Amino acid sequence: MMIPGNGGRTRYPCLIAPLSYPGLLANALVVLSSTAEDGEIEVRISVGIVTKLSVGFHYGSFISRRKIFRPNQDLFGSEAPECYDHEDFYIGNILELHGFRFRLVDADEYALRYMELNSQENLPSIFDPKDKDSKGYQRVSLVASDGVKCGSRLGLSLFPKSNIRLILLKLREVLRPMYKQFVCDYLRTQPRWDQGLISYSNMKEVLRRILCDNITDQEILTLGRHYNARAPSDKHTRAMLRSIVHTELTRYLFKDLDRLQENLRHKDPERKGYLPRGAIYSLCRASLPVDRDLLNAVLDTIDKNEACEYNYNDLLSFLDSKVCPAPAALPINTKYEFSLMAETTDNRVTWVDFTRLLKDLDLESTVTEQSG
């Protein structure tokens, strides 16, 4: 599974470990990228030195794009040396590239989403429905290609550090004997316990205290992203969109709102007041001098019924600058402002909904047993 766009390239901001180069480049922030081609992960490294935590700016090549072998291998032996693979790329890992050690400290949104969406591969083969303990909990074991089970690992997944299912299984096994202490000592002391929230920094500290080195930064971030409690905020409100549209219509001297109303009613012979989005979009594109992305943003704010048909009378009221004119908006580049290119998703997690987390862990019965 691939995510459209970005050329199949994932980027990871990382630091050069000071022990590998104690001079000028110690702790320098760089960007390491890997490329997925033809549906298979083929890792090629391209590192560009940058000055801030941004994956979009490159100021020079440090290691050119190429395949890089894992360290401490016989390059001239009978077996081909192994290259770095997708399983090596997760936040918190340290990679050694040509004698330089890099610690991955972050990843861009594309990399995180790619790993999350591709983390479920090969999972059905490792879960045996009949393999449960006395309390009914699912046992997890890694099944190798020769059919031999290796119970020391949590599962076979393309990106196990981004697999929420495997992470929850790991947490469940660790928290089962101490679940009551976990809830009482760690969660009830949080300032927003009554709202079911815990800050991401506090959650990271708690998990580090309990699991120590048995959990990585990538797994903690995956938990935070999956149970993120921050509701997405609208970048443009309806009132702001109305001002922008009215400014655009005035700029292009648009006066044919009556003609648009006539065309919309012609498409609605039953006078229901509702039309499919596609029909409204086609008529508006033929009549309104606005960019298609701005038009889609406007349609997103229009009222619709249970059949997902849009109220074109609400749209006409939105566009009518005579009855209720909107204040003028500052000139903006609508072709960019409302395009997908302008959407930058912040992958920082502020608050985590631990109520959903505890529900998915499903250890409430353990609290009853421990209390009794």
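In terms of UniProt numbering, the sequence shown opens at residue 1 and continues consecutively.
Cβ coordinates follow ideal geometry from the N, Cα and C atoms, glycine included.
Here the structure is a predicted model, which is why all the values come from computation and not from measurement.
CB contact flag (residue i, residue j, <9 Å)
i    : j    : result
N305 : N296 : no
L253 : L357 : no
P160 : H246 : no
L319 : L294 : no
L363 : R208 : no
V298 : Y200 : no
Residue i - containing alpha helix (DSSP H), residue span
i    : result
S243 : R238 to R251
I167 : I164 to L175
E262 : L257 to H266
S287 : R277 to S287
L319 : Y312 to L319
H86  : From DSSP, H86 is part of no alpha helix (DSSP H); its letter is neither H nor E.
D108 : Segment: none, D108 is in no alpha helix (DSSP H) and carries neither H nor E.
N296 : R292 to L299
I220 : D217 to H226
CA-to-CA distance, residue j to residue i, given in whole angstroms
i    : j    : result
G39  : N118 : With a pLDDT of 35 at G39, under the threshold of 50, the predicted position of this residue should be treated as unreliable, and no value is reported.
K255 : A307 : 32 Å
A279 : S243 : 24 Å
W351 : K322 : 44 Å
K204 : Y227 : 13 Å
L330 : L260 : 26 Å
H86  : S78  : 24 Å
G92  : F76  : 31 Å
P327 : L221 : 42 Å
L361 : E219 : 15 Å
A111 : F89  : 10 Å
Y186 : Y114 : 32 Å
P191 : L104 : 31 Å
W193 : Y179 : 16 Å
K267 : H236 : 30 Å
Y281 : N263 : 12 Å
Limits of the unbroken beta strand (DSSP E) element including residue i
i           : result
L330        : That residue, L330, is in no beta strand (DSSP E); it is neither H nor E in DSSP.
E96         : I94 to L97
residue 390 : Summary: the structure shown does not reach residue 390, with the chain confined to residues 1 through 372, and so no result is reported for it.
D353        : W351 to D353
L104        : F100 to L104
Cβ shell of residue i (< 6 Å), same chain only, five flanking positions each side left out
i           : result
R292        : none
T51         : With a pLDDT of 41 at T51, under the threshold of 50, the modelled position of that residue is not reliable, and the figure given next carries that caveat. Cβ neighbours of T51 beyond the five flanking positions: none.
E248        : V290
T250        : none
residue 384 : Residue 384 lies beyond the residue range present for the chain, which begins at 1 and ends at 372; the question has no answer from this structure.
P81         : F69, Q73 and L75
Sequence-distant residues of its chain with Cβ nearer than 7 Å to residue i (five each side left out)
i    : result
T301 : R238 and L241
P276 : E309
G196 : D353, F354 and T355
N333 : none
N202 : Q190
Neighbourhood of residue i by C-beta, 8 Å cutoff - its chain only, sequence neighbours within 5 removed
i           : result
residue 374 : Any property of residue 374 remains undetermined from this structure, which presents the chain solely from 1 to 372.
V174        : I210, L211 and N214
I164        : E116, S119, T222, L223 and H226
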